[in-house]
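> The structure under discussion is supplied below as structure tokens; questions concerning it will follow.
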Amino acid sequence: MVSTHPQGVQHSGSQYLPQKRSTNTKPAPNQELLPLSAKVNHHDFLEIGGCDVTTLVKQFGSPLYILDEATLRLACQQYRETFQQFYQGESQVLYASKAWSCLAICAIAASEGLGIDVVSGGELYTALNAGVRPNQIYLHGNNKSSAELALAIESGCTLVVDNWHELRTLVEMGAKSPSKIPIMLRLTPGIECHTHEYIRTGHLDSKFGFDPHDLPEVFAFVSQQPQLNCVGLHAHIGSQIFELQPHRDLATLMVRWLRDAAKYGLTVTELNIGGGLGIKYTESDDPPSVEEWVKAICEGIQATCTAENLPLPKLLCEPGRSLIATACVTAYTIGATKVIPEIRTYVAIDGGMSDNPRPITYRSVYRAVVANKMSAPLAETVTIAGKHCESGDILIHNAQLPKTVPGDILVVLGTGAYNYSMASNYNRLPRPAAVLVADGEANLILQRETYQDLIRQDRLPERLRT
Ligand SMILES: Cc1ncc(COP(=O)(O)O)c(C=O)c1O
């Protein structure tokens, strides 16, 4: 059933436009559904960054990731400025590039004064090639290879050490290194939060980080390694979190770890509290703003430092989703429709689980609008089906849309985080292009893959050639 507005018919896309605010309230990207520059133009078409979405699809094809530069930059600025406002010590915001790693995005984050959190040699290589300074890069990972560790040491970035195996490997590698290796220690805080089990990382039964029971042993060991310079401690409790209390608890706990480290002769001066702030994917999602999240953490750290009589550490955080998710939408072209009377109507699009694996992986829920029918009344409830050979390849269940026809442009909202970065070539679909839009200009930041790209790494043994 299509719901109607108490005063009449609901209009399809316009209802998701960023809310108009009084001049003294700042828009918070993570609390909106559409990018902040989204507008409906006089043709009733969706415009982002001053570019008509239907024109972008004509020019660059579909599926197409459309990234609004203004929304991304504003989110970076909000994080940075809010730390400056609420934290009396030094602070540094890092972009968790696992959300979406590519040259242009790393370059934008760095130009806004953010460092970069990377989790593999590939992400590290991308950040370095985007021109990010190595001392602004932090390498994570629960099973870094020797090659990844070597690249990190050689480039001079900080390593976030996850476990005993890595620690011992670094001690060996450090013996050959001309300078001390800067490290942080990742600890499992044992803090539960309400989010999907696959994106929860802070509970004790997690593959990430040192067990807190091992802390005395870890601190004692690290304090005796002259090749390692342990600058800080790190923890991350999970992703898409709407509560503030788990991060307040984490702030308190981390300051106590800092105090305990000092007992083992370690002078640790930095705390990295991770990322995790949630975003609004649907009307019913109500995440805290960046300001509320940062304030809660800063208050927690400052109050515990005062209570423990400790100097304020340099405070780092590494959000991914809340920096980039809302800035991007994915435009698809609608094709086939299958009506099963009294059961369901499937509306198929030209992408699916290969460009957005989150619905099939986490049962994530998305909203969509029709870019060329922004003010048309909602007329049907449909299931948006991807084009993959998989019954579970459904992007949206019960999407409320105006009447659609083949060729209409469906725009799925909030696709900036963990979409491109988790994209695959399943069914040998080439990965889509991405454009960066600002002030009426669109720049290609990721070229669409071609069929040639798909077979580039294939090798056909001579004996199989016909
Ligand atoms: C260690 C670490 N830091 C930061 C992040 C970014 O989290 P989010 O995108 O929820 O802000 C993640 C994501 O899971 C993570 O594992």
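For our numbering, add 1 to where a residue sits in the sequence shown, where the first one is 1. Using N, Cα and C, we set each Cβ at its ideal position, and we do this for glycine too. Please read these numbers as outputs of a predicted model, since none were measured by experiment.
Could you pull out every residue in the same chain whose Cβ sits closer than 7 Å to the Cβ of Ser178, ignoring the five residues on either side in sequence?
Residue numbering aside, residue 178 sits at position 177 when the sequence shown is read from its first letter. The residues are Ile154 and Gln228.
> Are the CB atoms of Phe211 and Tyr265 within a distance shorter than 8 Å?
Locating residue 265 in the sequence shown gives position 264, counting from the first residue. Locating residue 211 in the sequence shown gives position 210, counting from the first residue. In this structure, Phe211 does not lie closer than 8 Å to Tyr265 by Cβ.
> Along the beta strand (DSSP E) that carries Thr416, what are the first and last residues, could you check?
The residue you call residue 416 lines up with position 415 of the sequence shown. Element bounds for Thr416: n/a, residue is neither H nor E.
> Could you name the residues that DSSP lists as bridge partners for Tyr333?
As a working mapping, residue 333 is identified with position 332 in the sequence shown. Paired residues: Leu411.
> Can you give me the Cβ contacts of Ile350 inside the same chain, cut-off strictly under 8 Å, excluding the 5 residues immediately before and after it?
Mapped onto the sequence shown, residue 350 falls at position 349. Taken in chain order, the residues that qualify are Pro64, Tyr333, Thr334, Ile335, Gly336, Ile385, Ala386, Gly387, Lys388, Leu396 and Leu411.
> From Tyr427 to Ala377, what distance separates their C-alpha atoms?
The residue labelled residue 427 in the question sits at position 426 within the sequence shown. The residue labelled residue 377 in the question sits at position 376 within the sequence shown. Using only the alpha carbons, I get a separation of about 34 Å.
> Kindly list the residues whose CB is nearer than 6 Å to the CB of Lys40, restricted to its own chain and excluding five residues on each side of it in sequence; keep chain order.
The residue you call residue 40 lines up with position 39 of the sequence shown. Only Glu48 meet the Cβ criterion.
> Between the Cα of Asp163 and the Cα atoms of Pro213, Ala400 and Glu173, which residue gives the shortest distance?
Translated into the one-based positions of the sequence shown, residue 163 becomes position 162. Considering only alpha carbons, the answer is Pro213.
> Could you give the residue range of the beta strand (DSSP E) that holds Ala435?
Indexing the sequence shown from 1 puts residue 435 at position 434. Unbroken beta strand (DSSP E) run through Ala435: Ala434 to Ala439.
> Output the boundary residues of the beta strand (DSSP E) element that contains Tyr96.
Against the sequence shown, residue 96 aligns to sequence position 95. Taken as a continuous stretch (DSSP letters only), the beta strand (DSSP E) holding Tyr96 covers Ser92 to Ala97.
> Spell out a yes or no on whether the region 447-462 and the region 124-134 are touching, meaning 3 or more CB-CB pairs, one atom from each, closer than 8 Å.
Flag = no, the region 447-462 and the region 124-134 do not touch.
> Could you tell me which whole alpha helix (DSSP H) segments of length 4 or greater appear in the region 323-380?
You should have 359-363.
> Which same chain residues, not among the five before or five after Ala100, have their C-beta less than 8 Å away from its C-beta?
Residue 100 sits at position 99 when you count from the first residue of the sequence shown. Cβ neighbours of Ala100 beyond the five flanking positions: Gly321, Arg322, Leu324, Ile325, Ala326, Gly417, Ala418, Tyr419 and Ser422.
> So, is Ile67 buried or exposed, given that buried needs 16 or more other C-beta atoms within 10 angstroms?
Along the sequence shown, one-based indexing puts residue 67 at 66. Buried, by the Cβ-count rule.
> Per DSSP, what kind of secondary structure is Arg460 in: helix, strand or coil?
In the sequence shown, residue 460 corresponds to position 459, counting from 1. Arg460 falls in the coil class under three-state DSSP.
> Cα-Cα, which of Asn399, Val383 and Ala236 is closest to Val1?
The requested residue 1 does not occur in the structure, where the chain is confined to residues 2 to 467.
> Report whether the distance from the Cβ of Leu437 to the nearest heavy atom of ligand 1 is below 7 Å.
Sequence index remark: in the sequence shown, residue 437 carries index 436 (1-based). No.
> Give a single yes or no on whether Arg322 has its beta carbon closer than 7 Å to a heavy atom of ligand 1.
As a working mapping, residue 322 is identified with position 321 in the sequence shown. Yes - ligand 1 has a heavy atom lying nearer than 7 Å to the Cβ of Arg322.
> Could you give the DSSP three-state label for Pro183: helix, strand or coil?
In the sequence shown, the residue the question calls residue 183 occupies position 182. In the structure shown, Pro183 sits in a strand (DSSP, three-state: E or B).
> Tell me whether the region 45-61 and the region 358-372 touch, counting them as touching only if at least three CB pairs, one residue from each stretch, are closer than 8 Å.
Taking 8 Å as the limit for Cβ pairs, the verdict is that the region 358-372 does touch the region 45-61.
> May I ask you to report which of helix, strand or coil DSSP gives Val41?
Looking up residue 41 in the sequence shown gives position 40. Residue state, collapsed to three classes: strand.
> List the residues that DSSP assigns as beta-bridge partners of Glu149.
To locate residue 149, count along the sequence shown from 1; it is residue 148. Glu149 is not bridged to any residue.
> Let's test the definition: count the other Cβ atoms within 10 Å of the Cβ of Asp454 and tell me whether it reaches 16, buried, or not, exposed.
Your numbering for residue 454 matches position 453 in the sequence shown. Classification of Asp454: exposed, given that the 10 Å Cβ count is below 16.
> So, does the region 143-151 touch the region 170-184, judging by three or more C-beta pairs under 8 Å?
The answer is yes - the region 170-184 touches the region 143-151, with three or more Cβ pairs under 8 Å.
> With a 10 Å radius around its C-beta and 16 neighbouring C-beta atoms as the bar for buried, classify Met2 as buried or exposed.
Sequence index remark: in the sequence shown, residue 2 carries index 1 (1-based). The pLDDT assigned to Met2 is 38, lower than 50, so where the model puts this residue is not dependable; a value taken from the coordinates is nonetheless given after this. With fewer than 16 other Cβ atoms within 10 Å, it is exposed.
> If you follow the alpha helix (DSSP H) that Thr159 is part of, which residue opens it and which one closes it?
Translated into positions along the sequence shown, residue 159 becomes position 158. First-last for Thr159: Thr159 to Val162, but that is the beta strand (DSSP E), not the alpha helix (DSSP H).
> Tell me the DSSP bridge mates of Leu188?
On the sequence shown, residue 188 is found 187 positions in, with the first residue counted as 1. DSSP output for Leu188 lists Phe211 as bridge partner(s).
> Assess contact between the region 274-286 and the region 239-249, defined as three or more Cβ pairs (one per stretch) separated by less than 8 Å. Is contact present?
Taking 8 Å as the limit for Cβ pairs, the verdict is that the region 239-249 does touch the region 274-286.
> Confirm, please, whether the CB-CB distance from Pro314 to Thr270 is below 8 Å.
As a first step, residue 270 is located in the sequence shown; it is residue number 269 there, counting from the start. As a first step, residue 314 is located in the sequence shown; it is residue number 313 there, counting from the start. Contact flag set, yes.
> Could you check if Lys281 belongs to the surroundings of ligand 1, using beta carbon to heavy atom distance under 7 Å?
Against the sequence shown, residue 281 aligns to sequence position 280. Not under cutoff, so the answer is no.
> With DSSP as the reference, please indicate the residues paired to Ile397 in a beta bridge.
As a working mapping, residue 397 is identified with position 396 in the sequence shown. DSSP output for Ile397 lists Ile385 as bridge partner(s).
> On the DSSP letters alone, give me the boundaries of the alpha helix (DSSP H) that Gly111 sits inside.
Locating residue 111 in the sequence shown gives position 110, counting from the first residue. According to the sequence displayed, residue 111 carries Ala and not Gly. Looking at the DSSP string, the run of the alpha helix (DSSP H) that includes Ala111 is Leu104 to Ser112.
> Looking at ligand 1, does it come within less than 7 Å of His141, judged from the CB to the closest heavy atom?
Numbered from its first residue, the sequence shown carries residue 141 at position 140. Yes, Cβ of His141 sits closer than 7 Å to a heavy atom of ligand 1.
> Which residues in the same chain as Glu113 place their Cβ atom closer than 8 Å to its Cβ, once the five residues preceding and following it in sequence are excluded?
Stepping through the sequence shown from its first residue, residue 113 is reached at position 112. If we look at Glu113 and ignore the five residues flanking it on each side, its Cβ neighbours are Arg74, Cys77, Gln78 and Arg81.
> My parser needs the alpha helix (DSSP H) runs of 4 or more residues fully inside the region 284-318; what are they?
Here the runs fully enclosed are 291-309.
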